[in-house]
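Engineer: Residue numbers (our numbering), protein chains in the order written: chain A, 56 to 372; chain B, 24 to 196.
Virtual Cβ for every residue (Gly too), placed ideally from N, Cα, C.
Here it is, the structure in full.
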Amino acid sequence: MVKALVFFAVALVSVVVLMGSASAGFFDFFKKDVRQGPVDVGVTVESVAPTIVFVSNVAGDVLNIHGTVSPRGGGGTTVTRVSFIAEDLNGAGDLNDASAGMRYRGPGGTALAGTCGVAPTCSGCAVTQKNYSCNADMEYYYEPGTWTVNASIKDNSANLAVDTKRTFQYLLYREISHAGNVNWAGISLVDSNQLSDSNPFLLTNLGNAALSVSVTGYGLNGTGANPEDQIPASNFSASGNTGGDPLAECDVPAQAVALSQGVPVTVPGVSVPRGLPGNNQDNMYFCIYPSLSSLNLNPGQGYSTSATGNQWAITIV
Amino acid sequence: MKGAMLVFALVVLAAGVIADGFGVTSEYYSERPLEIRAGESIDTFFVIQDNGGSDLTIEAILLEGSEVASLSENIYEVSTSATGQVNVRVSVPQGTPVGTEYNVKVLFESVSEGEGGESVNFQTNIESSFPVIVVEGTSEQLGSGEGSNFWIWVLAAVIVLIIIIFAVLKARK
Numbered sequence: 056m057v058k059a060l061v062f063f064a065v066a067l068v069s070v071v072v073l074m075g076s077a078s079a080g081f082f083d084f085f086k087k088d089v090r091q092g093p094v095d096v097g098v099t100v101e102s103v104a105p106t107i108v109f110v111s112n113v114a115g116d117v118l119n120i121h122g123t124v125s126p127r128g129g130g131g132t133t134v135t136r137v138s139f140i141a142e143d144l145n146g147a148g149d150l151n152d153a154s155a156g157m158r159y160r161g162p163g164g165t166a167l168a169g170t171c172g173v174a175p176t177c178s179g180c181a182v183t184q185k186n187y188s189c190n191a192d193m194e195y196y197y198e199p200g201t202w203t204v205n206a207s208i209k210d211n212s213a214n215l216a217v218d219t220k221r222t223f224q225y226l227l228y229r230e231i232s233h234a235g236n237v238n239w240a241g242i243s244l245v246d247s248n249q250l251s252d253s254n255p256f257l258l259t260n261l262g263n264a265a266l267s268v269s270v271t272g273y274g275l276n277g278t279g280a281n282p283e284d285q286i287p288a289s290n291f292s293a294s295g296n297t298g299g300d301p302l303a304e305c306d307v308p309a310q311a312v313a314l315s316q317g318v319p320v321t322v323p324g325v326s327v328p329r330g331l332p333g334n335n336q337d338n339m340y341f342c343i344y345p346s347l348s349s350l351n352l353n354p355g356q357g358y359s360t361s362a363t364g365n366q367w368a369i370t371i372v
Numbered sequence: 024m025k026g027a028m029l030v031f032a033l034v035v036l037a038a039g040v041i042a043d044g045f046g047v048t049s050e051y052y053s054e055r056p057l058e059i060r061a062g063e064s065i066d067t068f069f070v071i072q073d074n075g076g077s078d079l080t081i082e083a084i085l086l087e088g089s090e091v092a093s094l095s096e097n098i099y100e101v102s103t104s105a106t107g108q109v110n111v112r113v114s115v116p117q118g119t120p121v122g123t124e125y126n127v128k129v130l131f132e133s134v135s136e137g138e139g140g141e142s143v144n145f146q147t148n149i150e151s152s153f154p155v156i157v158v159e160g161t162s163e164q165l166g167s168g169e170g171s172n173f174w175i176w177v178l179a180a181v182i183v184l185i186i187i188i189f190a191v192l193k194a195r196k
């Protein structure tokens with residue numbers, strides 16, 4: 056029986072101590088500092104600064120997986136949406152709807168402002184709360200990485216609330232477009248260093264990371280009477296450099312690279328930057344650098360990849 | 024004699040508008056490596072966007088990192104202006120030393136038919152890669168929340184035991 060009493064005593068003390076630590080007001084009951092006389096009370100209602108109690112995940116219209124946003128390909132724009140709930144203890148009517156704002160800041164410092172408005176619904180909101188819906192357009196060339204959402208609102212007394220806890224990942228996207236035609240309208244079978252009529256071959260970066268490229272070449276076979284005649288891939292060169300003496304695009308291996316049958320070769324001097332349209336381009340130059348005299352080609356026919364079906368390839372690396 | 028003449032016919036390598044305009048989105052990349060613990064598996068993805076004027080067939084080929092990464096499929100049919108998701112599972116064996124690095128590289132190759140005749144389109148391919156770095160901890164430690172639950176259960180069991188002992192002692196008296 057004694058053991059039982061000790062057990063309960065210890066338990067009771069523990070409970071009391073815990074309550075005392077958990078509730079600052081528990082022992083106040085024993086305090087003697089209690090006002091007992093009449094007290095004059097004056098109340099002044101002051102404006103309470105608003106707070107932002109919730110910021111949603113950012114959603115993009117290309118995809119939204121694991122809280123991420125993807126750039127839109129083809130040089131497009133991704134529309135992103137985010138909402139936030141603001142609270143003002145003076146009442147939701149004290150929130151200044153016109154001041155609701157949202158900005159993104161990228162890892163490289165890019166700042167982007169969105170537009171916000173009162174959302175048509177605010178599910179589960181108190182009478183002191185309002186839901187704001189915002190959207191912002193993100194360009195394909197914005198830097199990948201962690202972006203911070205800055206949601207803000209003022210009340211009618213210009214008290215400001217800001218929340219910057221929400222972040223999202225703007226993903227890395229790679230795409231390139233190029234001019235299309237590479238041809239030599241007419242070539243000599245004895246001369247060396249014959250430049251393509253398609254130079255410069257324009258490369259445009261439609262993603263958000265700087266790009267290097269490789270070219271995979273194949274021999275060109277005759278399209279006329281002698282289809283077995285072939286200009287081997289190794290007779291072609293490519294470079295990001297042009298001109299000079301010797302011609303840079305033909306200067307293998309110092310400034311240009313010779314193509315290799317079915318094997319991708321990285322083209323020196325080509326780096327297509329990420330950037331605004333017009334600032335996201337680089338040129339590539341092609342050349343038939345050796346003399347073709349030893350190949351004993353039929354001069355009266357064209358030469359193309361169509362005979363073998365092996366397309367040349369440009370690969371982003 | 025033959026070699027001294029001019030080739031008059033057009034030599035065409037590629038012509039026309041790019042038919043296979045596509046791009047690839049990556050969740051991880053060189054500046055954002057995938058961090059993983061020994062014994063852990065993480066699913067990630069690439070997303071193919073078809074921005075050309077026709078449907079595409081894209082082949083995904085794992086060039087590097089096959090010891091830790093696998094693709095859900097290799098052939099992806101992507102409609103015009105649509106996207107296709109390429110799921111990648113990365114698994115690192117137990118006992119892999121911390122700091123071990125792998126590189127996962129995938130080649131996305133358009134296998135759509137080119138145009139006929141001499142107007143052959145340049146095929147456009149895209150390589151995407153990301154580093155995988157083994158970091159501190161084991162896959163068991165990932166469930167730290169489960170570890171906390173374990174100790175809560177131990178505490179509960181001790182309390183129940185005390186109550187039972189107390190009840191037994193009381194019954195004897």
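1. Just list the residues that DSSP pairs A:K185 with in beta bridges.
2. Is B:I149 close to chain A? Criterion is C-beta to C-beta, closer than 8 Å.
3. Given this structure, state the Cα-to-Cα distance separating A:G179 from A:T135, to the nearest angstrom.
4. Please work out which residues of its chain come closer than 8 Å, Cβ to Cβ, to A:N335, disregarding the five sequence neighbours upstream and downstream, and give them in chain order.
5. Hey, is B:E50's beta-carbon within less than 8 Å of any beta-carbon in chain A?
6. Using only alpha-carbon positions, find the residue among A:I371, A:L244, A:V113 and A:G146 that is nearest to A:Q285.
7. Do A:P105 and A:E142 come within 8 Å of each other at the CB atom, strictly closer than that value?
8. Does the CB of B:V181 have a neighbour CB from chain A at under 8 Å?
9. Using the rule of at least 16 other Cβ atoms within 10 Å of the residue's Cβ for burial, across every protein chain shown, is B:Q117 buried or exposed?
10. For the 8 Å Cβ check, are there 3 or more pairs between the segment 153 to 173 of chain A and the segment 114 to 132 of chain A?
11. What are the start and end residues of the beta strand (DSSP E) that includes A:C180?
12. Roughly how many whole angstroms lie between the Cα atoms of A:C342 and B:S152?
13. Whose C-alpha, out of B:F68, B:K193, B:L130 and B:E50, is nearest the C-alpha of B:V111?
14. State the start and end residues of the unbroken beta strand (DSSP E) segment that holds A:W202.
15. Quick one: grab the DSSP three-state call for B:S6.
16. When you compare the CB of B:T106 with every CB in chain A, is at least one pair closer than 8 Å?
17. Answer yes or no: does any C-beta atom of chain B fall closer than 8 Å to that of A:V261?
18. Under 8 Å, do A:V312 and A:P301 count as touching if we go by C-beta distance?
19. Output yes if chain B places a C-beta closer than 8 Å to the C-beta of A:Y159; else output no.
20. Taking only the alpha-carbon atoms, compute the straight-line gap between B:E124 and A:L144 and give it to the nearest angstrom.
21. Quick one: what does DSSP say B:L184 is sitting in, helix, strand or coil?
22. Report the neighbours of B:Q117 on chain A: residues whose CB is nearer than 9 Å to its CB, in chain order.
23. Taking only beta-carbon atoms, is A:R229 less than 8 Å away from chain B?
24. At a CB-CB cut-off below 8 Å, which residues of chain B make contact with A:G148?
25. Per DSSP, A:S102 forms a beta bridge with which residues?
26. When the Cβ atoms of the segment 262 to 271 of chain A are set against those of the segment 218 to 234 of chain A, are three or more pairs found closer than 8 Å?
27. Does DSSP put B:E54 in a helix, a strand or coil?
28. Spatial neighbours of A:T183 within its chain, please: CB distance less than 7 Å, with the 5 preceding and 5 following residues excluded, ordered by chain position.
29. Expressed to the nearest angstrom, what Euclidean distance is found between the alpha-carbon atoms of A:E283 and A:A362?
30. Determine, using beta carbons only, whether A:W202 comes closer than 8 Å to chain B.
31. What number of angstroms, rounded off, separates the C-alpha of A:D306 from the C-alpha of A:G241?
32. Beta strand (DSSP E) containing A:R160: first to last residue?
33. Any C-beta of chain A sitting closer than 8 Å to the C-beta of B:N126?
34. Does any CB atom of chain A fall closer than 8 Å to the CB of B:R195?
35. Taking only three categories from DSSP, how would you classify B:F145?
36. Check whether the Cβ atoms of B:Y52 and A:P354 sit closer than 8 Å, and answer yes or no.
Structural biologist: Straight from the coordinates:
1. Counting from 1 along the first sequence, the entry for residue 185 of chain A is found at position 130. A:K185 pairs with A:A141.
2. Along the second sequence, one-based indexing puts residue 149 of chain B at 126. Chain A contact via Cβ: present.
3. Here residue 179 of chain A corresponds to residue number 124 of the first sequence, with the count starting at 1. Here residue 135 of chain A corresponds to residue number 80 of the first sequence, with the count starting at 1. So the alpha carbons of these two residues sit roughly 24 Å apart.
4. On the first sequence, residue 335 of chain A is found 280 positions in, with the first residue counted as 1. So the qualifying residues of the chain are Y196, T259, N260, L261, V327, P328 and R329.
5. Here residue 50 of chain B refers to the residue found at position 27 when the second sequence is read from its first residue. Closer than 8 Å: yes.
6. Along the first sequence, one-based indexing puts residue 285 of chain A at 230. For the residues A:I371, A:L244, A:V113 and A:G146, the minimum Cα distance to A:Q285 belongs to A:L244.
7. Indexing the first sequence from 1 puts residue 142 of chain A at position 87. Indexing the first sequence from 1 puts residue 105 of chain A at position 50. Result yes, Cβ atoms of A:E142 and A:P105 sit closer than 8 Å.
8. By one-based count along the second sequence, residue 181 of chain B stands at place 158. No - not a single Cβ of chain A is within 8 Å of the one on B:V181.
9. Here residue 117 of chain B refers to the residue found at position 94 when the second sequence is read from its first residue. Exposed, since its Cβ has fewer than 16 Cβ neighbours within 10 Å.
10. no
11. Mapped onto the first sequence, residue 180 of chain A falls at position 125. A:C180 -> no beta strand (DSSP E), and no H or E assigned at all.
12. Reading the first sequence from its first residue, position 287 is the one you call residue 342 of chain A. Reading the second sequence from its first residue, position 129 is the one you call residue 152 of chain B. In a straight line, the C-alpha of A:C342 is about 31 Å away from that of B:S152.
13. Against the second sequence, residue 111 of chain B aligns to sequence position 88. Checking every option, the nearest Cα to that of B:V111 belongs to B:F68.
14. Numbered from 1 along the first sequence, position 147 holds the residue referred to as residue 202 of chain A. Where A:W202 is concerned, the enclosing beta strand (DSSP E) stretches over G200 to D210.
15. No information on residue 6 of chain B is available, as it lies outside the stretch 24 to 196 that chain B covers here.
16. Stepping through the second sequence from its first residue, residue 106 of chain B is reached at position 83. Interface residue, yes.
17. Translated into positions along the first sequence, residue 261 of chain A becomes position 206. A small correction: the amino acid at residue 261 of chain A is Leu; Val does not occupy that position in the sequence shown. Yes, A:L261 counts as interfacial toward chain B.
18. Position 257 of the first sequence, counted from the start, is the residue given in the question as residue 312 of chain A. Position 246 of the first sequence, counted from the start, is the residue given in the question as residue 301 of chain A. Against a cut-off of 8 Å, the Cβ pair of A:P301 and A:V312 comes out as no contact.
19. Counting from 1 along the first sequence, the entry for residue 159 of chain A is found at position 104. Chain B, which has no Cβ nearer than 8 Å to the Cβ of A:Y159, makes this no.
20. Residue numbering aside, residue 124 of chain B sits at position 101 when the second sequence is read from its first letter. Residue numbering aside, residue 144 of chain A sits at position 89 when the first sequence is read from its first letter. Those two C-alpha atoms are separated by around 53 Å.
21. As a working note, residue 184 of chain B is residue 161 in the second sequence. Helix, per DSSP.
22. In the second sequence, counting from the first residue as 1, residue 117 of chain B sits at position 94. By Cβ distance, chain A contributes nothing, its closest Cβ being about 25 Å from B:Q117, past 9 Å.
23. Position 174 of the first sequence holds residue 229 of chain A. At least one chain B Cβ lies under 8 Å of A:R229.
24. Reading the first sequence from its first residue, position 93 is the one you call residue 148 of chain A. Going along chain B, no residue has its Cβ under 8 Å from A:G148, so there is no contact; the nearest lies around 42 Å.
25. Locating residue 102 of chain A in the first sequence gives position 47, counting from the first residue. Answer by DSSP bridge pairing: none, since A:S102 is not bridged.
26. yes
27. Locating residue 54 of chain B in the second sequence gives position 31, counting from the first residue. The answer is coil: DSSP assigns B:E54 none of H, G, I, E or B.
28. As a first step, residue 183 of chain A is located in the first sequence; it is residue number 128 there, counting from the start. Contacts found: E142, D143, L144, G146 and A147.
29. Against the first sequence, residue 283 of chain A aligns to sequence position 228. Against the first sequence, residue 362 of chain A aligns to sequence position 307. The straight-line gap from Cα to Cα measures roughly 9 Å.
30. Within the first sequence, numbered from 1, the residue matching residue 202 of chain A stands at position 147. For A:W202, the answer is no, since every Cβ of chain B falls outside 8 Å of its Cβ.
31. The sequence position of residue 306 of chain A within the first sequence is 251, counting from 1. The sequence position of residue 241 of chain A within the first sequence is 186, counting from 1. Taking the straight line from one Cα to the other gives about 21 Å.
32. Start at 1 with the first residue of the first sequence, and residue 160 of chain A comes out as number 105. Segment L150 to R160, the beta strand (DSSP E) holding A:R160.
33. Along the second sequence, read from residue 1 onward, the residue named residue 126 of chain B stands at position 103. Taking Cβ atoms only, chain A never reaches closer than 8 Å to B:N126, which makes this a no.
34. Taking the first residue of the second sequence as position 1, residue 195 of chain B is located at position 172. No, its Cβ sits nowhere closer than 8 Å to a Cβ of chain A.
35. For this step, residue 145 of chain B is matched to residue 122 along the second sequence. B:F145: coil per DSSP, three-state reduction.
36. Within the second sequence, numbered from 1, the residue matching residue 52 of chain B stands at position 29. Within the first sequence, numbered from 1, the residue matching residue 354 of chain A stands at position 299. Cβ atoms of B:Y52 and A:P354: not closer than 8 Å.
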